Amino acid sequence: MRNENTQQIVKNLLSRVQCLEDDTSLRHIIHRVVASGPHDEPIHVLDVDTVVYRYTEWIRQMPRVKLYYAIKSNDADAIVETIALLGGGFDCASQAELERVLNLGVPPASIIYAQPSKSVPSLQLSRARGIRTVFDNEFELEKIAQHHPDAELLLRYRYDSTNSKVNLGTKFGCDVGEEARQLLDRARELSLNVVGWCFNVGSMSYDAEVFYGAIRAGRAITDYAASIGFQFRVLDIGGGFVGNKDDNIARYAYHINRALNEFFPDESLEVFAEPGRYLCAAGVTNVARVQGKRYFRSGPKIESVGYYLNDGIYGTFYSTKYRGLESKVLVWKSPSECGPERSSKLFGPTCDGNDWFMANVQLPELDIGDTLVFESEGAYSSVHSCRFNGFPLPKVLAYLRSSTGELLKQVSNLHADSSLINALLLNSEHLKLIGNKLEVLSFEREQ
Ligand SMILES: *Cc1c(COP(=O)(O)O)cnc(C)c1O
Numbered sequence: 001m002r003n004e005n006t007q008q009i010v011k012n013l014l015s016r017v018q019c020l021e022d023d024t025s026l027r028h029i030i031h032r033v034v035a036s037g038p039h040d041e042p043i044h045v046l047d048v049d050t051v052v053y054r055y056t057e058w059i060r061q062m063p064r065v066k067l068y069y070a071i072k073s074n075d076a077d078a079i080v081e082t083i084a085l086l087g088g089g090f091d092c093a094s095q096a097e098l099e100r101v102l103n104l105g106v107p108p109a110s111i112i113y114a115q116p117s118k119s120v121p122s123l124q125l126s127r128a129r130g131i132r133t134v135f136d137n138e139f140e141l142e143k144i145a146q147h148h149p150d151a152e153l154l155l156r157y158r159y160d161s162t163n164s165k166v167n168l169g170t171k172f173g174c175d176v177g178e179e180a181r182q183l184l185d186r187a188r189e190l191s192l193n194v195v196g197w198c199f200n201v202g203s204m205s206y207d208a209e210v211f212y213g214a215i216r217a218g219r220a221i222t223d224y225a226a227s228i229g230f231q232f233r234v235l236d237i238g239g240g241f242v243g244n245k246d247d248n249i250a251r252y253a254y255h256i257n258r259a260l261n262e263f264f265p266d267e268s269l270e271v272f273a274e275p276g277r278y279l280c281a282a283g284v285t286n287v288a289r290v291q292g293k294r295y296f297r298s299g300p301k302i303e304s305v306g307y308y309l310n311d312g313i314y315g316t317f318y319s320t321k322y323r324g325l326e327s328k329v330l331v332w333k334s335p336s337e338c339g340p341e342r343s344s345k346l347f348g349p350t351c352d353g354n355d356w357f358m359a360n361v362q363l364p365e366l367d368i369g370d371t372l373v374f375e376s377e378g379a380y381s382s383v384h385s386c387r388f389n390g391f392p393l394p395k396v397l398a399y400l401r402s403s404t405g406e407l408l409k410q411v412s413n414l415h416a417d418s419s420l421i422n423a424l425l426l427n428s429e430h431l432k433l434i435g436n437k438l439e440v441l442s443f444e445r446e447q
């Protein structure tokens, strides 16, 4: 990226975040947000430091693997700008996503159009800007031959995690055997330029070892490709990494680094991944409010309590309801002020009877006006929200510690030289300290 772009990005970013003292805790921020309420909208407290910290941990653990952020997981300006500043690439899957990152000044070489099935206008844009893309079937190859014939292409093959929450292999990816070989043969006939492969093991893959098998499968494909004249030099290992605060990237790095050393030891190969959730999930804490309440009785006995929140499946919680995300609710009140525990159900505000996202949870009895806090809600939350029934979208309040702000300013002066930027991040004492402070949130009254 050019220096003019990075200067502009850091300026925009710093104008949309609130800068805090280095020792400000997340708990303190949540207290401030609650005290400034009541808010109509669900609030997404975005901690930019967490995004920078996680980016840095990735490059520390996997120096060979560049990050191409899957922008669909959370496209908040402050996240996209932060990753662009740090020199990250982007995984886009639509024309609008491509335009968004191109307009920031991200170089086309740092973008993968990771959509196996593309519209013609989006292919024309990719052609005009020289953006790489992917394919997994012969019809797409023919479309590419017509509209983006010089594209650098990646073959997407299927390699599913046995323990992921969202399977992508049922929709995308060719088989690694005969089908992959036939597609490469067809690409050759069409005189296309296939430069490597990609896969996606599925979202929220608790299974880290799957990456070892998936990369090994890429070796056979690379060898076949070489036998018909394609010299593969790009490896894209996709996304699927878990993003909660209590998980870490080291266990994935172990299997990925091992597979790369064993099957692709050539350090000059270009390797990248497309993490979405890993970068954005832990950075967002959701603050919701109880606006209404009812008892569900069986005769005179209270069986359970329903709470109507200002947030539901049309706001933050689509993935909790439909994608197996296990949200954890934290009652923002000291236990001594709450009623006895009861079986509870959390409803969203809309008139849709299906608008609920947690049931049979044991919670102390709450009052109208109380606050509920949900951690690690950054991924696949606000991006799914809509204004159904007229309720407001989640509102992002972004925060940054002052040393992180200084670091980003320094980064913006480094002419987007990624080795200089990475060295600066890896040596930052401030970022190491953040790691020690990423404790799971609990309620405590402020002094
Ligand atoms: C959604 C998606 C990702 C990101 O997945 P995460 O589970 O958020 O890491 C990466 N690559 C592709 C092709 C995707 O569709």
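Per full-length UniProt numbering: the sequence shown = residues 1 to 447.
Ideal Cβ positions, reconstructed from N, Cα and C, are used throughout, including at glycine.
Owing to the predicted nature of the structure, the values given are computational and were not obtained by experimental measurement.
- Taking Ser343 as the centre and dropping the five residues before and after it, the same chain places the C-beta of Ser304, Asn360 closer than 6 Å to its C-beta, in chain order.
- The stretch 123 to 136 and the stretch 171 to 191 touch, with three or more beta-carbon pairs separated by less than 8 Å.
- Contact between Ser376 and Lys165 does not hold, since their C-beta atoms are separated by about 14 Å, which reaches or exceeds 8 Å.
- According to the DSSP secondary-structure assignment, Trp356 is paired through a beta bridge with Phe347.
- Bridge partners of Leu155 according to DSSP: Phe135, Trp197.
- Taking each of Ile71, Phe443, Gly390 in turn and checking the Cα distance to Val331, the smallest one comes out for Phe443.
- For Thr371, the enclosing beta strand (DSSP E) begins and ends at 371 to 374.
- Contact annotation: Val80 and Tyr399 have beta-carbon atoms that are not nearer than 8 Å.
- Residues of the same chain with a CB within less than 8 Å of the CB of Leu424, apart from the 5 flanking positions on each side, are Leu407, Gln410, Val411, Leu414 in chain order.
- Per DSSP, the unbroken alpha helix (DSSP H) holding Ala225 starts and ends at 210 to 227.
- Annotation: the continuous beta strand (DSSP E) that includes Tyr69 extends over 66 to 70.
- Using a Cβ distance threshold of 8 Å, Lys345 and Gly306 count as a contacting pair.
- Bounds of the alpha helix (DSSP H) holding Lys437 are 429 to 437.
- In the structure shown, Tyr113 adopts extended strand secondary structure according to DSSP, grouped into three states.
- Here Ile313 carries a coil assignment [DSSP, helix/strand/coil].
- Phe135 has its CB no nearer than 7 Å to any heavy atom of ligand 1.
- CA-CA distance, Leu13 to His148, rounds to 34 Å.
- The continuous beta strand (DSSP E) containing Gly89 extends over residues 89 to 92.
- Checking the 7 Å criterion, the Cβ of Tyr206 is out of range of every heavy atom belonging to ligand 1.
- Ala145 and Val195 have their C-alpha atoms roughly 15 Å apart.
- Below 8 Å, too few C-beta pairs join the stretch 254 to 265 and the stretch 44 to 54 to call them touching: fewer than three.
- For Gly276 against Tyr69, the beta-carbon gap comes to about 7 Å, under 8 Å, which counts as contact.
- Its Cα nearest to that of Arg233, the residue Asp266 stands out among Lys321, Asp266, Ser203.
- In this structure, the alpha-carbon of Ser122 lies about 45 Å from that of Asp23.
- When C-beta atoms of the stretch 381 to 398 are compared with those of the stretch 39 to 48, three or more pairs fall below 8 Å, so the two segments count as touching.
- In the DSSP assignment, Asp160 is bridged to no other residue.
- The alpha-carbon separation between Ser385 and Cys351 amounts to approximately 16 Å.
- Of the residues Ser117, Gln95, Val373, Ser119, the one whose Cα lies closest to the Cα of Ile111 is Gln95.
- Between Ala253 and Gln447, the CB-CB gap reaches or exceeds 8 Å.
- Taking 8 Å as the cut-off, the beta carbon of Ile131 is found closer than this to the beta carbon of Leu98.
- Residue burial is scored here from C-beta neighbours: Glu57 has at least 16 other C-beta atoms within 10 angstroms and is therefore classed as buried.
- By the neighbour-count criterion, in which a residue is buried when 16 or more other Cβ atoms sit within 10 angstroms of its Cβ, Lys66 is buried.
- A straight-line Cα-Cα distance of about 29 Å links Ser119 and Gly378.
- Across the structure, Leu235 and Trp197 are spaced so that their CA atoms are roughly 6 Å apart.
- The alpha carbon of Phe272 has as its nearest neighbour, out of Tyr206, Asn200, Asn286, Ala226, the alpha carbon of Asn200.
- Residue pairing of Phe296 in beta bridges, as defined by DSSP: Ser304.
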